[in-house]
Every structure is written in C-alpha cells, then in structure tokens.
Amino acid sequence: YAVTGLLVKAENSRLEEKLRSAQCSAAIWKQRYDALYNAYQELKKEVQPYLDAVKLAPEKVRAFFDELLTRTRQARQPTKPIRRKQDMER
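Mapping to the numbering used here: the sequence shown position 78 is 476, numbers consecutive.
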C-alpha cells in the first residue's frame with residue numbers, strides 16, 4: 399500500500415503541475431483573444447458607416463470604389479513620352 403500511495407502522490411503532483419501549466423497557457427491565450435476582439439470591435443465601429451452603406455446601396459458603393467480604384471491605377475501608371483515620327487528617324 400505504501401508504494402501505491404507514493405506512486406499516486408507522484409502522479410497527482412505531476413498532473414497538478416500539468417494543470418497549472420495549462421491554466422497559465424489558457425490565461426495567455428485568453429488575453430490574446432481579448433486584445434484581438436477589442437481591436438476588431440474598434441475597427442468595426444470605425445467602418446460601420448461603410449458597412450451600412452454597403453447594405454443600403456451595394457451597387458452604388460461598388461461603382462464608387464470601382465471608379466476610385468480606376469482613377470488611382472491611372473494616376474500610378476507612368477506616362478510614356480509621346481515620340482514623333484521624325485524623332486525616331488534620327
């Protein structure tokens with residue numbers, strides 16, 4: 399019985415340590431989750447007017463962004479110098 403009691407105590411100690419480690423790990427992951435969730439809520443609050451606009455008039459919002467992105471792409475493209483035919487012959 400004494401040997402069994404010692405083995406059970408050792409096993410209990412090992413399991414308690416494992417439990418403490420898991421609880422610590424869970425607390426760390428909960429903190430990370432809470433931080434991400436709070437950041438998500440803040441971002442959602444900032445973009446809520448845009449989300450509402452998409453719900454109310456999705457086609458108009460899509461057209462607006464398409465036009466905006468087209469203008470942005472065109473502004474980024476470098477303009478090629480126009481060469482005259484006579485400049486090319488030289």
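Backbone N, C-alpha and C define an ideal beta-carbon position, used for all residues, glycine too.
Straight-line gap, Asp-430 to Pro-447 (C-alpha atoms, nearest Å): Here residue 430 refers to the residue found at position 32 when the sequence shown is read from its first residue. Here residue 447 refers to the residue found at position 49 when the sequence shown is read from its first residue. The residue asked about is misnamed: residue 430 is Arg in this sequence, not Asp. When rounded, the distance between both Cα atoms is 28 Å.
Reduced DSSP category for Pro-456 - H, G, I as helix; E, B as strand; rest coil: In the sequence shown, the residue the question calls residue 456 occupies position 58. Three-state DSSP puts Pro-456 in a helix.
Pairwise C-alpha distance: Asn-410 and Gln-421: Walking along the sequence shown from the start, residue 421 turns up at place 23. Walking along the sequence shown from the start, residue 410 turns up at place 12. The alpha-carbon atoms of Gln-421 and Asn-410 are separated by roughly 16 Å.
Length of the line joining the Cα atoms of Thr-383 and Leu-441: The structure shown does not extend to residue 383, since the chain spans only 399 to 488, so no value can be given for it.
As assigned by DSSP and simplified to three states, the class of Tyr-399: Here residue 399 is taken as the residue at index 1 of the sequence shown, counted from 1. Three-state result, Tyr-399: coil.
C-alpha distance - Arg-457 paired with Glu-465, whole-angstrom precision: Looking up residue 457 in the sequence shown gives position 59. Looking up residue 465 in the sequence shown gives position 67. The sequence given here places Glu at residue 457; Arg does not occur at that position. In a straight line, the C-alpha of Glu-457 is about 12 Å away from that of Glu-465.
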